[in-house]
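Numbering (the UniProt record's numbering), first residue to last: 1 to 1004.
For glycine and all other residues, C-beta sits at the position ideal for the given N, C-alpha and C.
Working notes for the structure below.
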């Protein structure tokens, strides 16, 4: 009876602790609710447990059902779970730990149900031994950093609660991410099992973030909640299925009573198996597959082609209902890129064309038969269809062809099999009886129902009118359409499954072997080898087509130690203003602009240090070599990833150019120039990407041949895409933008379908460091701002907004995040906006400087803004908060003038290095009369004592004749958008005057 009472009481205690937030066994079936106070729950559990007495007698210590029982296999070095806790995987780790501890009957040591007894108690020693054992098990499955932070806890429950409060992911962003993933997950190209597994994993992860728990009971209310949660999952699962399950999905939704989720999966799996296997038609007769394409005047001659292949599931667009893409990348919704041409050419006449392919499952031969007029379709169309059928349908049966209903196929008739060209009858297969019947000879009247007539409106070509394609701009158009997202492998185990990536890795290893980059040897006992990894990318031709698949071996240089593995580092990165300057001058002086890429550039640098690297993943598989014990690579030359790699490569390249007669620019150390007999050649280096400008095409070819004798390079032809900048050139000038980068950013952040904003920042909103609520994951904010910073290369219109938002990266709030979202919505409406450099001959150097006094709400510092023009072309700009507070607007304006003066001096030196005729003075425009008087007055007085150094900078240049200051009205102050947020009307007026335009906008 005593034991019976103890068991009853233990069951009651266990049922009470079910409500603890530490317990997750009953969460998966409970719908979402508001989070509860975790600390209060933990304290209540601990206090309740400590108030109870331990009713385990000494006679139960050896009982296998006792929590104090230790098996002979239990020891402190045991790892009871396979995954180590690193902080990011707490949810999965805690579930696995609870299962393992429960299996060993030690769960009560971490959930608080078995508290520490008194020291004088007879059970204290055995409790302490088990407690230490559980502590050791926890320490064995955490990383070193977490190990050190929990080592000194006395009780296992304290360890467990510390980890719970630290790492449990239950915040709102995590729930938002999971809910979004569940909603957006579609089957697409996934098979049914993979799709179901991914969906179920997301459901379980979401359930694990919910902290509402209830006691187990059989009341109707709990059953209703569980039923509602199950129904919600079923709807989400069915919504994500491909259209090939449309019929069975409709049947499931109409079933009463509703089947369970596992039953539904079984029904779908059987349906898929029947469609794939059950459609085997006897091969005693010839099977046929056919296209029927109808074009009418209502669709402007566009061929509507109806085809689906049951065993090859492609994603279907929810906007245009076509296969092969999703709505966020639909050209009909977001606009066609410039120069886009349909894969199928428009036919010369309007009519109906039938293309039929006959094939037999028992034969490999096929015949092609074209019905009606051959002129209805072009030869390219016919050959493309034949090729598609030969590759996709050659081994398929009739039943594998599935035609889902959609708007894009509403004017087409799916033809299963035609008897002959003269007999308009068709073989029809009954899927239930497997009987084949032949229809009578019929004539189709395409002008009446069910064919679509002219009452159907034309499909909308462009959802956003401002994204219409402009007039042709040379081959640049084809390139824009070609650079799209491609799925890249993330590690060697993924890449080895594809032959193209295996070949790419083999080529990289071969290149390193040919250049003697390393020697294979055994690792010395006193040395440490650094790791390496593969990085995969796709290289494009100038027209946007895929040139090759590139696999690059990268060393893990972050493990190098300064003074031991390297001494100095240097990165040969060109100034982005220099890139714009070269493009600007190329437009004005009709220079050619070429682009080169040095293959394996970093492999050309020689190493001075002794460095060992681990064998690359898959090296033995790719090369088929037998390696020595403890094999490593002794590096003779630098490779990508080493901290000194860029320095050694640039040193080699610089010495090579100097040997060819080039001079290094004093304004930009990555710019090299050469002038011989009136032929000018300029070379700009950005790591291993090289831009060449020249006034003689023959000199460019000669220079490329000279470089080929030193390095292995790839000639990319005329510059089209450099450092993420899209370059379009015509006879009127050069246009640069970052359209592809913006589209990728909007797609990644989910703002591709957002409502556009007319301005990047609201001028009525003031920002404070403490304004708003802190966001749970500041890293998201920092990544967004970092991506926007790179976008400033061609977008001065967002410089002020990005500069302002960068100041709050350390502790962003929801107010700051909303401001970032407004910038993204502004970019949504100005995707193709960029700079245009006209082909004129204006070389006067002009600058505009401005400041907004005490604009910072936290520090009361002013904001400096300037923009520099060569002729009418914007080449340099900046928006920056001043380092000190100014006591007056004159001081703030004069500090801005001093900063602008320095930029004008640098630009003039860059022009001199580029052999461009520049005649002083340079003009600096300011809208503050007091600042202009200070600049032109040589007398120092009370108003200048705080800006005396800045006075010298500007006044000296005025006295030398280099600089001339001019007054400009505020409504013509082009630097105004760089110092403050403006309302839509003045903002649009200013950016037009700055030379910002959108070549993708329709002509006005």
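Three-state secondary structure (DSSP) of residue 673 | Three-state result, residue 673: strand.
Do residue 991 and residue 735 come within 7 Å of each other at the CB atom, strictly closer than that value?
-> Between residue 735 and residue 991, the C-beta gap is not smaller than 7 Å, which leaves the two residues out of contact.
Which residues does DSSP pair with residue 782 in a beta bridge?
-> Bridge partners of residue 782: none, in fact.
Which residue or residues does DSSP assign as beta-bridge partners of residue 323?
-> Per DSSP, the beta bridge partners of residue 323 are 316.
Proximal residues to residue 535 (C-beta, below 6 Å), its chain only, five neighbours per side dropped = For residue 535, the CB contacts under 6 Å within the same chain, skipping 5 residues up- and downstream, are 552, 554 in chain order.
Residue 985, DSSP secondary structure in three states | Note: residue 985 maps to helix in three-state DSSP.
Among 900, 616, 930, which residue has its Cα nearest to the Cα of residue 975?
-> Measuring from the Cα of residue 975, the nearest candidate turns out to be 900.
Please work out which residues of its chain come closer than 7 Å, Cβ to Cβ, to residue 874, disregarding the five sequence neighbours upstream and downstream, and give them in chain order.
-> For residue 874, same chain residues with a beta-carbon under 7 Å away, outside a window of 5 residues either side, are 796, 835, 867, 994, 995 in chain order.
Based on Cα-Cα distance, which residue from 233, 908, 739, 692 lies nearest to residue 718?
-> For the set 233, 908, 739, 692, the Cα lying nearest the Cα of residue 718 is the one of 692.
Could you name the residues of the same chain whose beta carbon sits closer than 7 Å to that of residue 627, not counting the 5 residues immediately before and after it, in chain order?
-> Cβ neighbours of residue 627 beyond the five flanking positions: 520, 615, 620.
What residue range is occupied by the uninterrupted alpha helix (DSSP H) comprising residue 1009?
-> The structure shown does not extend to residue 1009, since the chain spans only 1 to 1004, so no value can be given for it.
Decide yes or no for the touch test of the stretch 757-764 against the stretch 966-983: beta carbon pairs closer than 8 Å, at least 3 of them.
-> Flag = yes, the stretch 757-764 and the stretch 966-983 touch.
Buried or exposed: residue 224, going by 16 or more other Cβ atoms within 10 Å of its Cβ?
-> By the neighbour-count criterion, in which 16 or more other beta carbons inside 10 Å mark a residue as buried, residue 224 falls on the exposed side.
With a threshold of 16 other CB atoms inside 10 Å of the CB of residue 773, please say whether the residue is buried or exposed.
-> Taking a 10 Å sphere around the C-beta of residue 773, we find fewer than 16 other C-beta atoms and assign the residue as exposed.
Three-state secondary structure (DSSP) of residue 962 | Three-state result, residue 962: coil.
CA nearest to the CA of residue 589, picked from 840, 497, 549 | When only C-alpha atoms are compared, the closest one is 840.
Boundaries of the alpha helix (DSSP H) in which residue 829 is found, first to last residue = Judged by DSSP secondary structure, residue 829 falls within the alpha helix (DSSP H) whose first and last residues are 814-829.
Residue from 111, 112, 128 whose Cα sits closest to the Cα of residue 119 | Restricting attention to 111, 112, 128, the CA atom closest to the CA of residue 119 is found in 128.
Residue range of the unbroken alpha helix (DSSP H) whose run includes residue 147 | Where residue 147 is concerned, the enclosing alpha helix (DSSP H) stretches over 144-150.
Bounding residues of the beta strand (DSSP E) (the contiguous stretch that carries residue 537) | Looking at the DSSP string, the run of the beta strand (DSSP E) that includes residue 537 is 532-540.
I think residue 267 touches residue 252, with their Cβ atoms under 8 Å apart; what is that distance to the nearest whole Å?
-> The Cβ separation is near 7 Å, so the contact holds.
Secondary structure of residue 649, DSSP reduced to three states = Taken through DSSP and simplified to helix, strand or coil, residue 649 comes out as helix.
At a cut of 8 Å, does the stretch 590-601 reach the stretch 707-725 through at least three beta carbon pairs?
-> Taking one beta carbon from each stretch, the stretch 590-601 and the stretch 707-725 have 3 or more pairs nearer than 8 Å; the two touch.
Is the Cβ-Cβ distance between residue 861 and residue 881 less than 7 Å?
-> Yes. Within cutoff.
So, are the CB atoms of residue 578 and residue 668 less than 7 Å apart?
-> Yes; because the gap between Cβ atoms is below 7 Å, this pair is in contact.
Following the continuous beta strand (DSSP E) through residue 744, name the residue where it begins and the one where it ends.
-> Per DSSP, residue 744 belongs to no beta strand (DSSP E); it is in the alpha helix (DSSP H), 739-749.
Check whether residue 79 and residue 140 have beta carbons under 7 Å apart = Yes, the Cβ-Cβ distance between residue 79 and residue 140 is below 7 Å.
Hey, quick one: how far does the alpha helix (DSSP H) through residue 905 stretch, first residue to last?
-> Run containing residue 905: 889-913, per the alpha helix (DSSP H) assignment.
Secondary structure at residue 492, three-state DSSP: helix, strand or coil?
-> In the structure shown, the three-state DSSP call for residue 492 is helix.
Is residue 649 near residue 604, with beta carbons less than 7 Å apart?
-> Yes, the pair counts as a contact, with Cβ atoms nearer than the cut-off.
According to DSSP, residues forming a beta bridge with residue 835 | Paired residues: 736, 996.
Cross-strand partners of residue 330 (DSSP beta bridge) | Answer is none; residue 330 lacks a bridge partner.
Per DSSP, residue 691 is paired with what?
-> Answer is 595, 684, bridged to residue 691.
Test item: CB-CB of residue 965 and residue 935 under 7 Å = Their beta carbons are under 7 Å apart, which means residue 965 touches residue 935 by this criterion.
What is the DSSP secondary structure of residue 662, counted as helix, strand or coil?
-> Looking at residue 662 - three-state DSSP - the assignment turns out to be coil, as it is neither helix nor strand.
Assign residue 153 to one of three DSSP states: helix, strand, or coil.
-> Coil.
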